[in-house]
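Here is the structure we will look at, set down as structure tokens.
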Amino acid sequence: RNIRDVVRLHKEELNSIADAEKRYRRLVELNTIEQSLNVFKTGAVQRARVASRLNPTAQYTIPRVHAMVYDPITAELTKLPVDFKRALAEHESTYNLYQVPKLFES
Numbered sequence: 017r018n019i020r021d022v023v024r025l026h027k028e029e030l031n032s033i034a035d036a037e038k039r040y041r042r043l044v045e046l047n048t049i050e051q052s053l054n055v056f057k058t059g060a061v062q063r064a065r066v067a068s069r070l071n072p073t074a075q076y077t078i079p080r081v082h083a084m085v086y087d088p089i090t091a092e093l094t095k096l097p098v099d100f101k102r103a104l105a106e107h108e109s110t111y112n113l114y115q116v117p118k119l120f121e122s
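Just so we're aligned, residue 17 is where the sequence shown starts under the working numbering, counting upward by one.
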């Protein structure tokens, strides 16, 4: 998605932030979250996740995706608190290209 799509999707939240710096920082976070969700939507990632889910020796599903923001001013790397399972469930019928057998769903 384009950054303008992120603004459009989150316009109400962004418009409620009066401080321009805080609004910009929140836009960066929202964009990072949206791009992380886009990674989950790709066929290659979905195929890999299903394959690892079906592997009885795998400790967890891979690849693992994290929404993280780096602040070059403070040199801090922040992991954003995102519930990917909930976020992706909203669009499962549209983006879930490969189904995991019910036996393996949690």
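The beta carbon of each residue, even a glycine, is placed where N, CA and C say it ideally should be. Being a predicted model, the structure only gives us computed values, none of them experimental.
Length of the line joining the Cα atoms of residue i and residue j
i, j, result
"Ala34", "Val85", "22 Å"
"Tyr76", "Asn47", "26 Å"
"Tyr111", "Ile49", "16 Å"
"Gln62", "Glu29", "30 Å"
"Glu45", "Leu96", "8 Å"
"Glu37", "Leu43", "10 Å"
Cβ-based neighbour list, residue i, same chain, cut-off 6 Å, excluding 5 preceding and 5 following
i, result
"Ser52", "Val81, Ala83"
"Thr94", "Val85"
"Val98", "Ile49, Ala83"
"His26", "Leu46"
Per DSSP, cross-strand counterpart(s) of residue i
i, result
"Tyr86", "Leu93"
Contact belief for residue i with residue j at Cβ below 8 Å, rounded distance in angstroms
i, j, result
"Ala74", "Ser68", "5 Å"
Own chain, CB closer than 7 Å to residue i, minus 5 neighbours either side, in chain order
i, result
"Phe56", "Val81, Phe100, Leu104"
"Arg39", "Leu30, Ile33"
N- and C-terminal bounds of the alpha helix (DSSP H) containing residue i
i, result
"Glu37", "36–57"
"Ser109", "108–111"
"Ile19", "19–25"
Own chain residues within Cβ distance below 8 Å of residue i, not counting five before or after
i, result
"Glu92", "Tyr86"
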